[in-house]
Amino acid sequence: MTAAEILASLKAIPDGEWDQLEALAQRIVADARAGPSVLTRIVGSNQPDLQAKASLVLGQLEELSVLPWVDASQHLRGEARMLALARASSAYSSMAERSIAKLKKSLDKREVLPPPRLSGEVEERPPRVRECDAAYLVLRRWMYPGESSLKYEQNRSLYLQLEDEERDQDIIEYDKTGQWEDFR
Amino acid sequence: MAPKKPKKRPMPGKVARSTFGDPKFNTIVLYEHRHTVMALGIQFSDEPLLKWIKKLVPDMTISGDSAEYISHDQHVRYTIQIVRTKQEFKNALETPGIHVVYSGHARYGRGPCFGLNPANGDNWEMGTDDPGFINTGIFRMGFPLIGIPISADIKHHGYHFLPALSSVELNDDNCHPEIPLGRSAKRGGVRTVSIPEKLKEKVLDQGQPVLDGESYWGFGSRDMNLLLVADWNKSISTPMDLGATNIQCKCSTFLGCSTLKHWQPIVRGRKGFKQSDAEGFAYFVDRVSDSTVDPIWMANWFKFPDRNDFESWEPSLEFSRTRCNKTLTAVGAGFLIKKDL
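Here is the structure:
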């Protein structure tokens, strides 16, 4: 779909029409995956002259190659299968590393973020969150998978109870040691 | 992850209604009936929740505090009943086979709170229908001790309260997880505090100091919190607490601020309300929330597109949760509905 087609479709869909929004998403996904899926079929085929070239192009697709590599692995065996999965994993890690690097750059940004968009009566006041706090918390969720969702939410609340200077100290400590504090 | 598509199965039954000899033939297909009790908490009791759902599901019919929607795709007849008291909420939790939704304040984790009159006063804590307090105030289902902001809640609502005396030993078991037990007093950790003079007259008799030098527990820096006795079992409001409730409903959904942190450990862990293949579903909210999600939660459940009568409710509930969360993320609401952990 072209940018103009996507824009026109979005404008035409009334608010709350989930079925239509999902259908639009499916069309965009189908378009985006058409090329990579041709490549994965070639990688999984018996055309040695094309396999290497298709594999090279898939590698250039970076994050767009993650699912195509996983799909391609289903048609391969042994070493070729492992190679496809390793490349999926590598493309995924490379994408994650880039996001993590961006998040780490935000650890020294003190700008206060707008509060969540809530309406009506809210009993518990949402905590004040700065860009560095948000980055610290996203990094924590991502890089500390051993912490359960519930424990994460508890630690998030305890962290956000702290004064700015104390939060800053915790961020510096994490940046230095890579360790996550239990705030209880 | 998309919910699993339920397996199709033969029609559970058909009932012939033709009279003998009538050349016409008609049948009634037996649809599954799914009943939801929606308990509206204090300050939400007069919200037109059914009308909000109808905006999203125009085919739903409303009659007073009840509503009905028939999903021919699902072969399910949905009904809703609105209730507004503690006793009705407790009765709903004890009713087998139904869905109970609480829509209201979590009272910082103390429990669902009821009252038709939202004016400041005891409807925000113990209740006002003395003796018994069976209709108004908090249905207790929280940790034994919970930190409550003095200015934003205790002073603001002006209710009578039961603070934790400093003779009570604090530990991981009796304290809400957001009470910073390991933090030094200098950093806003737990310490003994005195109650502001103006609030002393609001302390319940059980909370009056009896020992020399006895005071109360509190924490915080700029916003001071006082530890109140809350509890879910054998509480000061028993039998209006979770401990005295035999949960039989098929699904419970707690739509209030941070109910994941406040009530999931109690409902699942301490009370032991377990999920099996087709029973014991429970949904919570992870952070500070508003009530805009309440009608969306029900509407999306009704809109599940596949036939699933007399099957597990899980695929349709998960369909609703997934759609709600996509909407909440898209509008930047800052909270999500969580199934369980």
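Residue numbers (our numbering), protein chains in the order written: chain A, 5 to 188; chain B, 227 to 567.
Quick reminder that beta carbons are idealized off the backbone N, C-alpha and C, glycines included.
Every value quoted in this text rests on a predicted model; they were computed, and no experiment measured them.
Assigned with DSSP and collapsed to three states, residue 564 of chain B falls in strand. Taking a Cβ-Cβ threshold of 8 Å, the residues of chain B close to residue 128 of chain A are 332, 334, 483, 484, 514, in chain order.
Counting only residues of its own chain and dropping the five nearest sequence neighbours on each side, residue 187 of chain A has a CB closer than 7 Å to the CB of 159, 162, 163. Contact of residue 158 of chain A with chain B by beta-carbon distance below 8 Å involves 403, 404, 487.
Taking 7 Å as the CB threshold, residue 22 of chain A lines the interface with chain B. Residue pairing for residue 391 of chain B: DSSP places it in a beta bridge opposite B:442. Put simply, of B:497, B:483, B:524, B:513 the residue whose alpha carbon is nearest the alpha carbon of residue 127 of chain A is B:483.
Taking residue 473 of chain B as the centre and dropping the five residues before and after it, the same chain places the C-beta of 319, 499 closer than 6 Å to its C-beta, in chain order. Interface annotation for the region 439 to 470 of chain B against chain A: 447, criterion Cβ-Cβ distance under 7 Å. Rounded to the nearest angstrom, the gap between the Cα atoms of residue 529 of chain B and residue 309 of chain B is 24 Å. Taking the Cα of residue 114 of chain A as reference, the smallest distance to any Cα among A:6, A:169, A:58, A:20 is reached at A:169. Residue 451 of chain B has B:375, B:445 as its beta-bridge partners, per DSSP.
Excluding sequence positions up to five before and after residue 437 of chain B, its CB lies within less than 7 Å of the CB of 393, all in the same chain and listed in chain order. Taking a beta-carbon distance threshold of 7 Å, residue 124 of chain A counts as an interface residue toward chain B.
Bounds of the alpha helix (DSSP H) holding residue 147 of chain A are 135 to 147. The alpha-carbon separation between residue 456 of chain B and residue 323 of chain B amounts to approximately 29 Å. Beta bridge pairing from DSSP links residue 307 of chain B with B:263, B:292. Where residue 354 of chain B is concerned, there is no enclosing alpha helix (DSSP H), because DSSP gives it neither an H nor an E. Within the same chain, Cβ atoms closer than 7 Å to the Cβ of residue 145 of chain A are found at 156, the five residues on either side in sequence being excluded. Distance check between residue 401 of chain B and each of B:447, B:290, B:492 places B:492 closest, using alpha-carbon atoms only.
Taking residue 490 of chain B as the centre and dropping the five residues before and after it, the same chain places the C-beta of 510 closer than 6 Å to its C-beta, in chain order. Within the DSSP bridge table, the entry for residue 462 of chain B names no partner. A direct Cα-to-Cα measurement between residue 70 of chain A and residue 30 of chain A gives close to 18 Å. Between the alpha carbons of residue 46 of chain A and residue 404 of chain B lies a gap of roughly 55 Å. Proximity of chain B to residue 167 of chain A at the Cβ level (cut-off 9 Å) is accounted for by 413, 414, 447, 448, in chain order.
Judged by DSSP in its simplified three-state form, residue 112 of chain A adopts helix. The closest CA to that of residue 52 of chain A, considering only A:84, A:105, A:22, is found on A:84. From the listed residues A:181, A:176, A:104, A:117, the smallest Cα separation to residue 147 of chain A is found for A:104.
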